[in-house]
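Asks: Have a look at the structure that comes next, please.
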């Protein structure tokens, strides 16, 4: 079987390494280093990496020095080096090309760009006929082009368009649409501008209407829009800002003013994009932390569940050994013991399979029976309820649905575990009820307990990040992540309210 190409990731920030690993792990073999010296050691060790993704800003030895040493060594000089960095000035890019890098990927990076560039340079590296100096020359042009921000100009006046193009063409990549409808068509066909300069007065659809449409659509709403207009009335300006524009420039256009406004809002967009990327990374880490907590609890339950079948296997094998030793082994006892061993081994194998399926990271939407899933979840948590004096009433109706199985198990385990924790603080009769309702295309799973309910001052906060009613024993992430998963992955929601003698959590799943 052909081995996967080998990629060395070098970054002193572990979250950046993990983000790249998640993008690349299915198609490539990944090795990683958190400093320059370790990177050089790994690059020179067989098997050598096929490509190196290298951060620039690192302590002790920066990426430029690492790249220089790689290119100075006969062992590593042919390995393509791509800088992955937030430094994206022309000077930084040129410096990287001089020390031997073939390309740059700017942070925050796009998954598609990362995969495309890696595939490109791996194919170049595998083709000895491809001349290195040609690659560097071509790539330098591409790098310089990629550094330029993309501006979409929407204006029906050829004179205005010509003035704007002449003013911007040296510093930006400028695209032009002569009507609002044409601009929408270009955007729908894949144009991704960093900023839009939008005329207000246009036939058929004016700038206000186009701006409103853009701000309503998720894929376009974060593109800064600057109105370029002859309208100087305060009401007109306020109307544009309320629709989502970030600024306006009055005609006739003064190039210095236009440049200053564009530069300001491109910087603000870059700050915004960086912040969003940081939030995504943090959310991924929080999700991983939440799932690890569930995995830990599941593993603890499995170790308890294994005691009985392992004990049965031990008793059966010991009994067989004694019967053989004393010459009393008969066919009936042998078959009985083998049946016990076979049944126990199948049970152990099934728990391993359940655990393996849950921790699989490549989850896909799949069809399953909701009752069987709830039964499986309760079985995984069986040992947790042993000796707890909690009565479980499971009245979930059998029904085939299509959703994300593992995510739903994670939510169920969080909610059931929370209910158990609350019930253990209660004296007397302890009851946990799980049931389902179906209203048109809305399936609701209800988890109810009789643990006296949630305090009124807490019930509005329980889904907030880091809010917990368990003191030092709680992280405040379980319910937060459960609702986030329900909304973003399952297309549903989680709600909570108090009932007569306890609390009810509802997992709402849209089947449409």
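In this note's numbering, the protein residues as written are 92 to 603.
All C-beta atoms, glycine included, are put in the ideal place defined by N, C-alpha and C.
(1) When you compare the region 120–135 with the region 97–107, are there three or more beta-carbon pairs, one atom per stretch, that lie closer than 8 Å?
(2) Counting only the same chain and skipping the five closest in sequence on each side, list residues whose C-beta sits under 8 Å from that of residue 298.
(3) Residues in the same chain with beta-carbon distance under 7 Å from residue 593, minus the five sequence neighbours each way, listed in chain order, please.
(4) Indicate the three-state DSSP secondary structure (helix, strand or coil) for residue 456 in the structure shown.
(5) Which residues in the same chain as residue 277 place their Cβ atom closer than 6 Å to its Cβ, once the five residues preceding and following it in sequence are excluded?
(6) Please check the pair residue 135 and residue 166, which I expect to be a contact at CB under 8 Å, by giving their CB distance rounded to whole angstroms.
(7) Do residue 481 and residue 435 count as a contact pair if the criterion is CB distance below 8 Å?
(8) Return the bridge partner residues of residue 339 from the DSSP annotation.
(9) Considering only C-alpha positions, which residue in the set 412, 582, 553, 316 is nearest to residue 532?
(10) If I measure Cβ to Cβ from residue 411 and keep anything under 8 Å in the same chain, skipping five residues before and after, which residues do I get?
(11) Kindly indicate the opening and closing residues of the beta strand (DSSP E) around residue 263.
(12) Counting only the same chain and skipping the five closest in sequence on each side, list residues whose C-beta sits under 8 Å from that of residue 453.
(13) By a C-beta neighbour count over all protein chains shown, 10 Å radius and 16 as the cutoff for buried, is residue 496 buried or exposed?
(14) Please determine, among 353, 133, 125, the residue with the shortest C-alpha to C-alpha distance to residue 146.
(15) Which residues does DSSP pair with residue 197 in a beta bridge?
(16) Any contact of the region 195–206 with the region 170–178, i.e. 3+ C-beta pairs under 8 Å?
(17) Going by Cα to Cα distance, which pick from 345, 285, 261 is closest to residue 362?
(18) May I ask which residues mark the beginning and end of the beta strand (DSSP E) holding residue 420?
(19) Whole angstroms is fine: what's the gap from residue 575's alpha carbon to residue 240's?
(20) So, with DSSP's three-state summary, where would you put residue 430?
(21) Can you tell me the Cα-Cα spacing of residue 189 and residue 366, whole angstroms?
(22) Could you please give me the residues that DSSP links to residue 589 through a beta bridge?
(23) Got a sec? Which residues, its chain only, sit under 6 Å from residue 144 by beta carbon, not counting five neighbours each side?
(24) Taking the straight line between their C-alpha atoms, what separation do you get for residue 535 and residue 603?
(25) Just how far apart, CA to CA, sit residue 208 and residue 108?
Replies: The structure says:
(1) By the Cβ criterion, the region 120–135 is in contact with the region 97–107, since at least three pairs of Cβ atoms, one from each stretch, lie closer than 8 Å.
(2) The residues are 245, 271, 289, 290, 291, 292, 318, 320, 331.
(3) Closer than 7 Å at the Cβ level, and outside the excluded window around residue 593, lie 539, 540, 541, 542, 543, 544.
(4) coil
(5) The beta carbon of residue 277 is closer than 6 Å to those of 268 in its chain, skipping five residues each way along the sequence.
(6) At roughly 5 Å, the Cβ-Cβ gap stays under 8 Å, so residue 135 and residue 166 are in contact.
(7) no
(8) Under DSSP, residue 339 forms a beta bridge with 318.
(9) 582
(10) 420, 424, 425, 428
(11) 263–268
(12) For residue 453, the predicted structure reports a pLDDT of 48, less than 50, and the residue's modelled location is therefore unreliable. The matter cannot be settled from this model.
(13) buried
(14) Closest by alpha carbon: 125.
(15) 176
(16) Contact annotation: the region 195–206 touches the region 170–178, with at least three C-beta pairs closer than 8 Å.
(17) 285
(18) Run containing residue 420: none; DSSP gives neither H nor E here.
(19) Roughly 34 Å separates the two Cα atoms.
(20) helix
(21) 31 Å
(22) 594
(23) 100, 173, 175
(24) 13 Å
(25) 17 Å
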